[in-house]
Structure formats: C-alpha cells, structure tokens
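In the numbering used here, the protein residues as written are 1192 to 1466.
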Amino acid sequence: MNPIIQIRNLTFRYPHSKEPILKDLTLDLQKGQFIAVLGPNGSGKSTLAKLLIGILQPEKGSIVINGKPLQNEEDIWEIRKTIGIVFQNPDNQIVAPTVEDDVAFGLENQGIPSEEIRIRVDEVLTKLGLMDYKHVEPHYLSGGQKQKVAIAGILAMKPKVIIFDEATSMLDPQGRKEVIEAAKRLNETENITVIHITHFIQETLFANRVIVLNEGKVLLDGTPKEIFTQGQILKEIGLDVPLSVDLSNRLIEKGLLKDIIVDEEELIMKLWTFI
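Following this line, the structure appears as structure tokens:
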C-alpha cells in the first residue's frame, strides 16, 4: 500500500539561517494512522507542517500527498482539498460572523453548490457536537470550541489528512481534551489520517505512532510504548515521559511490574490489584 504522504530527503533552511531546520528528512505516513510528532523547540515540527500544506517550499527534496507531488503548482489547490491544518491560535482561523458561516467559508470558496454546503455544514456540526452553536458568534465560544469550529471547517471539505499544529497549546485542560477527543473520533470513525504536533507528552498516548524530531532529523519512530521505554534519550533532548510511564518504571524497580504500561486506565486497573 502506498503511503498517503511520502517525504523524501526534505531539507529546509530559513533565510539568513546558517543551518537547515530540517535536514534530509525521509518519512512515509500511512493512511488512517494517528501520528504524534514530538520534539524540543527548534526541532522542525511546525516547519514540517507548513511544508506539508505548501506554505513553505523546501530547499531540496520532495513531498508527495495522495499520489500528487506538492511541488507541482497545478496540483497544489487539489492537494489542499486533501490536507487541512488547525493552527495554534483558533482566533486566527475564524473569519465569519457565525459558526455555520465559518464552517461554510471554505466550501463557498471552492464553488460548492449551496444545497451541498447546507448538507455538509450540518453534517460536520453534528459530528463535532456543535449543532447547538451554529448561529452563535464565535467570540462567545471557549478556546476548545473555537478549535472544533476550525476542525469543522476543514472536515466539511472532506480531507484525507488533518494536521494539528500545536493546536492545543493555548487551551485549558478541558479545551485540550475536547480537541483531542474530536481528533481521535475523526481518525477512528472517518479513517482520516491525523498528524498531531504537540509538546504535551500525555497527548501522544492516543497515537498509534510517535515520531520524535531532534535537530531536524528523526530521532525515534515507533509506537508510544516503544518510544517511552527510551525515556533517557527523551530526557537528553529536553523531553519528559508520561506519568503512566514514569510510575511504571518505579514499580518495575520495586519488582511490582514486569513491563511498562503506557495506557493510564490500564495502569490504574493494575494498581487496584495491589490493594
């Protein structure tokens, strides 16, 4: 099966920068994966996101999305129907006076017939639990709800990939939970490939693949369990490990566990057996 995103020998350097922020990066991202991307500041996470949607152009290398080379100008608008992005600040993505108008905005720009727009808008608002807010002005919403409006606007265009570029970093815990649950639901029920760029370690536990970038290269790539068993490597680049992994390690040292448990609920159930 061909990957939905193929990245080959990707290098990018910002103007006036001596060193590239991404260095000869090669990755295959498969359809339907929930991929978390971790890394310290300056590792190239957000730069990669901007390259994937064509905001930036690489110094060298190539990106192929759903079989179409991103470097082909005649394909770029078609590709942008395939891949959408949710940025850090939800206020920067909301442009219309009401929730339903904002969700419809991208569809109107694509020239979708009004009858189809009505169907799609109601469909995605229902999926994301926003139907009661369709006539509400977005500035009355919480941060998490605003991000869900941004997600709805992308989802209405029926993408195959959604990138969350630090999309939870400005939210409170409840807002982060809402956005992550929405991302999980889209991945599981719509088979949408999710690329979740985050610095919240706990949010990576929902992924089935974790990619750790450091100094513009892939340092680690595997399941959450495979990544977080290498806690010392993560700490050396300034990252931490989830609480469940840290507690598992302590229990292993005391001979109470044989293996690391990444899932928090599974660990809680295991702890009950000690009582």
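Positions of the beta carbon are idealized from the N, C-alpha and C atoms, including for glycine. Because the structure is a prediction, the values reported are computed rather than measured.
(message) Within 10 Å of its beta-carbon, does serine 1439 have 16 or more other beta-carbons around it, so buried, or fewer, so exposed?
(response) It is buried - the Cβ of serine 1439 has at least 16 other Cβ atoms within 10 Å.
(message) Within the continuous alpha helix (DSSP H) that includes alanine 1374, where are the two ends?
(response) Under the DSSP assignment, alanine 1374 falls in the alpha helix (DSSP H) whose first and last residues are 1364-1381.
(message) Once DSSP output is grouped into helix, strand and coil, what is the label at proline 1281?
(response) Residue state, collapsed to three classes: helix.
(request) Scan the region 1393-1448 and note each continuous alpha helix (DSSP H) run of 4 residues or more that stays entirely inside, going in chain order. (result) Runs of alpha helix (DSSP H) with 4 or more residues, each lying fully within the region 1393-1448, are found at 1415-1419, 1422-1427 and 1434-1444, listed in chain order.
(request) For histidine 1387, count neighbouring Cβ atoms within 10 angstroms of its own Cβ and tell me buried if that reaches 16, exposed if not. (result) Histidine 1387 comes out buried.
(request) Please go through the same chain and pick out, in chain order, the residues whose beta-carbon is closer than 6 angstroms to the beta-carbon of glutamate 1455, but skip the five residues on each side of it. (result) Ser1435, listed in sequence order.
(message) For the region 1417-1433 against the region 1257-1271, do three or more pairs of beta-carbon atoms, one drawn from each stretch, fall closer than 8 angstroms, so that the two count as touching?
(response) When Cβ pairs closer than 8 angstroms are counted between the two stretches, the region 1417-1433 is seen not to touch the region 1257-1271, the count staying below three.
(request) Report all residues from its chain with a CB closer than 8 angstroms to the CB of lysine 1191; omit the five preceding and five following residues, and keep chain order. (result) Only positions 1192 to 1466 of the chain appear in this structure, which leaves residue 1191 out of reach.
(message) Taking 7 angstroms as the cut-off, is the beta-carbon of asparagine 1399 closer than that to any non-hydrogen atom of the ligand SAM?
(response) Absence of the ligand SAM is noted for the structure shown, with no ligands found whatsoever.
(request) For leucine 1377, I'd like the list of residues in its chain whose CB is within less than 6 angstroms of its CB, leaving aside the five on either flank, ordered along the chain. (result) Excluding sequence positions up to five before and after leucine 1377, its CB lies within less than 6 angstroms of the CB of Ile1383, all in the same chain and listed in chain order.
(request) Report yes if the CB atom of glycine 1335 is closer than 8 angstroms to the CB atom of valine 1370, and no otherwise. (result) Contact: yes.
(request) Would you mind listing the beta strand (DSSP E) stretches within the region 1195-1227 that are 3+ residues and don't spill past its ends, in chain order? (result) Segments of the beta strand (DSSP E) lying fully in the region 1195-1227: 1196-1203 and 1213-1220.
(request) Compute the Euclidean distance between the alpha carbons of isoleucine 1276 and isoleucine 1459, then round it to the nearest angstrom. (result) Cα-Cα distance, rounded: 35 angstroms.
(request) Just tell me which of Ile1246, Ser1253, Gly1230 and Ser1234 has its CA closest to the CA of isoleucine 1198. (result) Measuring C-alpha to C-alpha distances from isoleucine 1198 to each of Ile1246, Ser1253, Gly1230 and Ser1234 identifies Ser1253 as the nearest.
(request) Would you mind giving the Cβ-Cβ distance between leucine 1220 and isoleucine 1196, rounded to the nearest angstrom? I have them listed as a contact below 8 angstroms. (result) So it is a contact: roughly 4 angstroms between Cβ atoms.
(message) Would phenylalanine 1397 and threonine 1359 be called neighbours here (beta carbons separated by less than 8 angstroms)?
(response) Against a cut-off of 8 angstroms, the Cβ pair of threonine 1359 and phenylalanine 1397 comes out as no contact.
(message) So, with DSSP's three-state summary, where would you put valine 1294?
(response) Correct three-state label for valine 1294: helix.
(request) Could you tell me the boundaries of the alpha helix (DSSP H) in which aspartate 1313 lies? (result) For aspartate 1313, the enclosing alpha helix (DSSP H) stretches over residues 1305-1318.
(message) Once DSSP output is grouped into helix, strand and coil, what is the label at glycine 1252?
(response) In the structure shown, glycine 1252 sits in a strand (DSSP, three-state: E or B).
(message) Which complete alpha helix (DSSP H) runs does the region 1322-1365 hold, if anything under 4 residues is left out?
(response) Whole alpha helix (DSSP H) segments, 4+ residues: 1334-1346.
(request) Mark arginine 1309 as exposed unless 16 or more other C-beta atoms lie within 10 angstroms of its C-beta, in which case mark it buried. (result) Looking at its Cβ environment, which holds fewer than 16 other Cβ atoms inside 10 Å, arginine 1309 is exposed.
(message) Restricting to Cα atoms, I'd like to know which of Thr1389, Leu1362, Gln1365 and Glu1264 is closest to glycine 1233.
(response) For the set Thr1389, Leu1362, Gln1365 and Glu1264, the Cα lying nearest the Cα of glycine 1233 is the one of Thr1389.
(message) If I measure Cβ to Cβ from leucine 1326 and keep anything under 8 angstroms in the same chain, skipping five residues before and after, which residues do I get?
(response) The identity of residue 1326 in the sequence shown is histidine, whereas the question assumes leucine. For histidine 1326, where only same-chain residues beyond five positions count, the Cβ hits under 8 angstroms are Thr1289, Val1290 and Glu1291.
(message) Rounded to whole angstroms, what is the Cα-Cα separation between proline 1194 and aspartate 1450?
(response) Rounded to the nearest angstrom, the two C-alpha atoms are 32 angstroms apart.
(message) Whole angstroms are fine: how far does the CA of glycine 1422 sit from the CA of valine 1286?
(response) Distance between the alpha carbons of valine 1286 and glycine 1422 is about 42 angstroms.
(request) Below 7 angstroms CB to CB, which residues in the same chain sit around leucine 1213 once its five sequence neighbours on both sides are set aside? (result) In its chain, beyond the 5 residues on either side, Leu1201, Thr1202, Phe1203, Gly1235, Thr1238, Leu1239 and Gly1407 have a beta carbon closer than 7 angstroms to the beta carbon of leucine 1213.
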